[in-house]
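Offset between the sequence shown (1-based) and the working numbering: plus 11.
Every residue gets a Cβ at the ideal spot worked out from N, C-alpha and C, and that includes glycine.
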Amino acid sequence: MNPTQSRRALLTSAGWAAVGSAALSIAANAQPATAASTIVRGAVGPVKFSAGTEPPRTPAPPLATDCHHHIYDARFPADPRTQLRPPDASPEDYRALARRLGTQRSVLVTPSTYGTDNRLHLQAMRELGPERARMVAVVDTSVTDAQLREMHEAGVRGIRFNLVQAGVTTVDMLEPLSARVQALGWHTQVHMLGDQIADHEALFLRLPAPIVFDHLGRIPMDQGVEHVGYKTVRRLLDRGKAWVKLSGAYMDTRVGPAGRWSDTVPVAQGYATGAPERCVWGSDWPHVTEPAEKPDDAALFDLLTEWVPDEAARKRVLVDNPTALYGFLKS
């Protein structure tokens, strides 16, 4: 491999090439950041990868933030080590969801499909608008400090370890990478099943950077607050070590949408009551784990009124906490 090829491979693995020459042909078609500055809140109409057409019954507060969604684009190759191959879901498709929900800020999360190639999501963050979007990237231990700093300047605020879907990150990478990103003020986002979380409690206690657990900690809802994974997450919350994403209601429910995901309520309420300052909400759009029937995102947003019944606490979850965790401007 010659020096030019070596440099290109390194940039791709760190995901920074989206703002460099390797992505110019695609970025040339990107809408300018100002296109995201005008959002019609509570719009009626269909949205790709989402059931229903009506907005939520409960209006979103100003600057409400969706802290977990993805973009997919077949022009960016999937990592051969991964399994999920969803259809394209563009920033413009996501804007339609934001208009329907009334959210005004969002956090892109590089999914397992792309391995450590963050180019697509760096580009999507630019399209959605740097004042309105932040990002959680996927890296491995080969990433350089210079690349991490460049991603920070672009709006990245954390790194994700998906240890549920087959991918490119491992448990062994958590501790060394947590130490490196702490200096940037980043967090480590972890997608593990509840049993896995309980098994690695000692590791989580050692991590220097804050931990953000995906999707309610992936607790089996037939066991709910009695599950060892829930108890582990609560201990970490109580020690100020962790945050939780109130998201993915459909992933571990036993009652499903027909039961309005009611079995998730005790778990979500437990987190929100125990650490109201360290909970955030996310849509998980385009819901790639639900290929047969997509959920109604408005119904999922309204579920938050059951998870966090107090209006002031919901504003904290939707506005204040994301502002602190992802470094958004306060107004």
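If you look at Ala-253, you'll find it in the beta strand (DSSP E) that goes 253-257. A distance below 8 Å between beta-carbons, with the five flanking residues on each side excluded, links Gln-193 to the following residues of its chain, in chain order: Pro-219 and Ala-220. Taking all protein chains shown into account, Val-150 has 16 or more neighbouring C-beta atoms within 10 Å of its C-beta and is therefore buried. For Gln-115, the secondary structure class from DSSP, reduced to helix, strand or coil, is coil.
Contact between the segment 238-252 and the segment 296-311 is absent: fewer than three C-beta pairs spanning the two stretches fall below 8 Å.
Asp-307 is bridged by DSSP to Ala-62. The segment 120-131 and the segment 89-97 touch, with three or more beta-carbon pairs separated by less than 8 Å.
Taking the Cα positions, Glu-301 is about 23 Å away from Arg-86.
Under DSSP, Gln-193 shares a beta bridge with no residue. Three or more Cβ pairs drawn from the segment 225-237 and the segment 272-287 lie within less than 8 Å of each other, which places the two stretches in contact. A Cβ-Cβ separation of about 7 Å places Tyr-282 in contact with Leu-257 under the 8 Å criterion. Look at Asn-129 here: in three-state DSSP terms it is coil, with no helix or strand label. Of the candidates Thr-181, Leu-214 and Phe-224, Phe-224 places its Cα closest to the Cα of Gly-205. Beta-bridge partners assigned by DSSP to Asp-77: Ser-117. Inside the segment 155-222, DSSP marks whole alpha helix (DSSP H) runs of 4 or more residues at positions 156-165, 185-193, 205-210 and 212-217, from first to last along the chain.
Between the alpha carbons of Thr-152 and Thr-69 lies a gap of roughly 43 Å.
Listed in chain order, the non-local C-beta contacts of Ile-230 below 7 Å within the same chain comprise Gly-205, His-238, Gly-240, Tyr-241, Asp-263 and Val-278, local neighbours out to five positions each way being set aside.
Between the segment 58-69 and the segment 311-331 there are three or more C-beta pairs closer than 8 Å, enough to call the two in contact. Apart from sequence neighbours up to five positions away, the residues of its chain that approach Cys-78 with a beta-carbon distance below 7 Å are Val-118, Lys-256, Val-291, Trp-292, Gly-293 and Pro-333, ordered along the chain. Given a length threshold of 4 residues, each whole run of the alpha helix (DSSP H) inside the segment 263-290 is given here in chain order: 276-285. In the three-state scheme derived from DSSP, where H, G and I count as helix and E and B as strand, Met-136 is classed as helix. The beta carbon of Gly-166 sits closer than 6 Å to the beta carbons of Met-136, Pro-141, Arg-145 and Met-146 from its chain, once the five residues preceding and following it are set aside; these are given in chain order.
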